[in-house]
Each structure stands twice: as structure tokens, then as C-alpha cells.
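Please read the structure below before turning to the comments.
In this note's numbering, the protein residues as written are 31 to 417.
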């Protein structure tokens, strides 16, 4: 089925409608720049700006530092399935994924999404990376995740990830923070409303709409505890799809921020001091936890998670020790804990789940810079496939 050939009106005010932002002294766009953006949004044509015969395939992959890379190719016809896409390659020595003497790394399509920037029949593809001997590149964690999910398919694991991140302005400071100073203490910013409490809301809305257009399973957004920190939620997704959708949501966020001239940080503790860190809380359920008596299954899973606490920490994000301090709604990195409705625990069981006796639980340990393929992989390995 062909993809939409024009930008829906609900997206038109949110994507690629703004000129490069002029900024006032605090690092925020000036009032003049905001007025120009609104006028540009109202006047922007609905057409995609691409030839109806063009079919752009924008390929996205994960590099050696868990960053995102991308390149575009052109196809003669529209893409209806993964079989319509060909394998491509790139210089792995420039991304830390291969040596210069043997630098070809190959891109194999894994999942594709409608492109909210080019629109029309154009798509963005999440790709896996492979060495030239056909083996998965060592930074290709999607491959292992897919094999694990196939082994645990009978339990139908579901995931929902809560991605926190921080926006930084061109001056290197959190977006909107006063020059030469700090905003007021944490308290009014979480799910806040109004100037001085939230920053860059229209950019956040643009990202939300981009995800909806692309078919990303985004389920919500909210401002976080630290000013200029936000969160979006993706899921529920089954198996490896969780990684595909979260990586695509991250890519779209970075691209929208690029239009604004700001940067997105996934560092788990972007600022020292009395400021919250950034995590990627992982909600998880299986057929067993969702069935009657599922609470007992959850309790058994938590016991398994406790035994492999250190193995999980190894893949729960770099610099996570700066975040998991036992403060700012975290448990301590060196101590495993669990509890009902406790945001200071490693594993939180929602109150509603405890009352109903079945459902899901939340692993609060993963940092904001995780590879979701690795996290979903080890979660299933520990809870379903370990002895």
C-alpha cells in the first residue's frame, strides 16, 4: 500500500516549518524568531517537495559509540516490503566499526518507516550492520536480540520504554537556562505548564507528530523533573520491535532538534549537583505475568534479576554509576532492591499490578543511553531462558 504523499495538516505546524532560530541572550529563540516560525508554519505548502517518481530510502544504523549514522539512496519504485530493499555498504573505518585495511561494512534492512521529512513514498530504514564475511558486526546487537526473541516466542514478551533526554542550546548550556546562572530548584518542572517551567515545547510536539506520522509506537510525552529534560514513551512493542521503534524515535528526535540548531543529550547524568539524571525505565511483561496468578511469576523473575544484577548493569548504559546513586529517584548501583510503587528501587511493581495480581513490572536501572536491543535481550535471557 503506497504511503501518504503529502504532509497531514496536524503535522504541518511541527516539522521543517521553522527557519534557523535567532536566539536571545538566554539561549532561547527570540520573540521575533518565534513569530517567524509561526508565520512559516501557516504558509508552508502541503506538498512533499519531492518528485512523484523519486523513492528515497534513508538508511539509519548504529555506530561503535551507540551514535546514529545515516545515508540516502534512490530506488526506481516504491518499497512495499523488506524484500524490495537491497543491501548497501559504508566505510566502517570512519564509524569505528572496521579497520581501514578491511573497511567495508554492509547494511541489511531490518524495519522501515514512512519518512516524515521527505514524505511521499519515501522511507527511513533501520539497518543491521554485517562484516564482509557475512557475520554480524560486533556492534550489531539487533541480531542477538532477534535470536533471543525467537527462542522465547511462546512467552510473547512485551516491552515499554520511557526515554528521558536533555536539550542543550548552541551555547552548550541546557536549553533556556539563564546565562551565568541556574533556574530555580527542581519541583515545578515535572509535567509543568507555562513559561519558566517548560522549554522547547513546540519542538517536542514536532517530534511527537513526526513519530506518529512514521508509525512509531510512541505512547506519550512529558516534561521531566529537571528543566529542559523531557521524556517520551514507546510501546508496548513485542520482541525486537521495541528496539526498532525506540531507535527510530531517537533518530527523529535528533533530526527535529537539528532543524532547531540544538542538541539532544542521552547522557545519564548531564549535570552534576542536585539535578535528576536521565534514564530509560524498562516496562516488561510476558504471557505468564499477564495471566491469572501473574504476581507469583513476577516475584520469581525478580529473584532471577537479583542474581544477575551485575551482568545487567554492564549493558544498562555507560556512566550509569553517576546516576544510580540512591538519590534523585534511583536505587544504588551496588545494591539490588524491589518494591511496590517505589521509585527508589531497582525494580518497581506498580500499585495497580499488586492489587490486580498480574501485569508487568518496571526495571528502573537502565540509563538513557542504553542500546534497547541489549536491554530487551538480557531481560528475556534472565527471566525466561536462564536456568
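Note that beta-carbon positions come from the ideal geometry of N, C-alpha and C, so glycine has one too.
- Just so you know, the alpha carbons of residue 190 and residue 207 end up roughly 31 Å apart.
- Under the 8 Å Cβ criterion, the segment 402-414 counts as touching the segment 164-178, having at least three qualifying pairs.
- For residue 339, the uninterrupted alpha helix (DSSP H) segment begins and ends at 339-344.
- In its chain, beyond the 5 residues on either side, 360, 361, 362, 363, 395 have a beta carbon closer than 7 Å to the beta carbon of residue 354.
- Contact annotation: residue 155 and residue 88 have beta-carbon atoms nearer than 8 Å.
- In the three-state scheme derived from DSSP, where H, G and I count as helix and E and B as strand, residue 333 is classed as helix.
- Spatial neighbours of residue 349 in its own chain (CB-CB distance under 6 Å, excluding positions within 5 residues in sequence) are listed in chain order as 298.
- If one requires a minimum length of 3 residues, the beta strand (DSSP E) runs lying completely within the segment 116-186 are 118-121, 134-144, 153-160, in chain order.
- Residue 137 is classed as buried because its beta carbon has at least 16 other beta carbons within 10 Å across all chains shown.
- The three-state secondary structure of residue 252, taken from DSSP, is strand.
- Look at the beta carbons and you see the segment 180-200 touching the segment 295-315: at least three pairs across the two are nearer than 8 Å.
- Membership of residue 282 in the alpha helix (DSSP H) is indicated by the continuous run 271-290.
- For residue 247, the three-state secondary structure derived from DSSP is coil.
- In this structure, the straight-line span from the alpha carbon of residue 120 to that of residue 281 is close to 19 Å.
- In the three-state reduction of the DSSP assignment, residue 85 falls in the strand class, which pools E and B.
- For a cut-off of 8 Å, the C-beta gap from residue 140 to residue 113 is around 13 Å, too long to register as a contact.
- By the beta-carbon neighbour count (other beta carbons within 10 angstroms, threshold 16), residue 180 is exposed.
- Within the same chain, Cβ atoms closer than 6 Å to the Cβ of residue 142 are found at 153, 155, the five residues on either side in sequence being excluded.
- Counting only residues of its own chain and dropping the five nearest sequence neighbours on each side, residue 104 has a CB closer than 8 Å to the CB of 84, 85, 86, 87.
- Counting only unbroken stretches of 4 or more residues, the alpha helix (DSSP H) elements lying wholly within the segment 331-410 are 339-344, 381-386, 402-410, in sequence order.
- Within the same chain, Cβ atoms closer than 6 Å to the Cβ of residue 246 are found at 275, 278, 279, the five residues on either side in sequence being excluded.
- The segment 285-292 and the segment 300-307 do not touch, with fewer than three beta-carbon pairs separated by less than 8 Å.
- Counting along the chain, residue 99 sits inside the beta strand (DSSP E) bounded by residues 98-105.
- Straight across, the Cα-Cα distance linking residue 243 with residue 108 is about 18 Å.
- Around the beta carbon of residue 212, a 10 Å sphere encloses fewer than 16 other beta carbons of the protein chains shown; the residue is thus reported as exposed.
- Secondary structure note for residue 312: its beta strand (DSSP E) is the uninterrupted segment 310-315.
- In this structure residue 295 is in contact with residue 196, their Cβ atoms being roughly 5 Å apart against a cut-off of 8 Å.
- Each of 399, 393, 397 was checked against the Cα of residue 413, and the nearest Cα belongs to 393.
- Around the CB of residue 304, fewer than 16 other CB atoms lie within 10 Å, so the residue is classed as exposed.
- Counting only the Cα atoms, residue 287 lies some 14 Å from residue 201.
- Rounded to the nearest whole angstrom, the C-alpha separation of residue 284 and residue 145 is 14 Å.
- The Cβ neighbour count for residue 258, taken over all protein chains shown within 10 Å, is at least 16; the residue is labelled buried.
- Counting along the chain, residue 267 sits inside the beta strand (DSSP E) bounded by residues 259-268.
- The C-beta separation of residue 126 from residue 133 comes to about 11 Å, leaving the pair out of contact by the 8 Å criterion.
- Rounded to the nearest angstrom, the Cβ distance from residue 389 to residue 338 is 22 Å, too far for a contact under 8 Å.
- Between residue 216 and residue 255, the C-beta spacing is below 8 Å.
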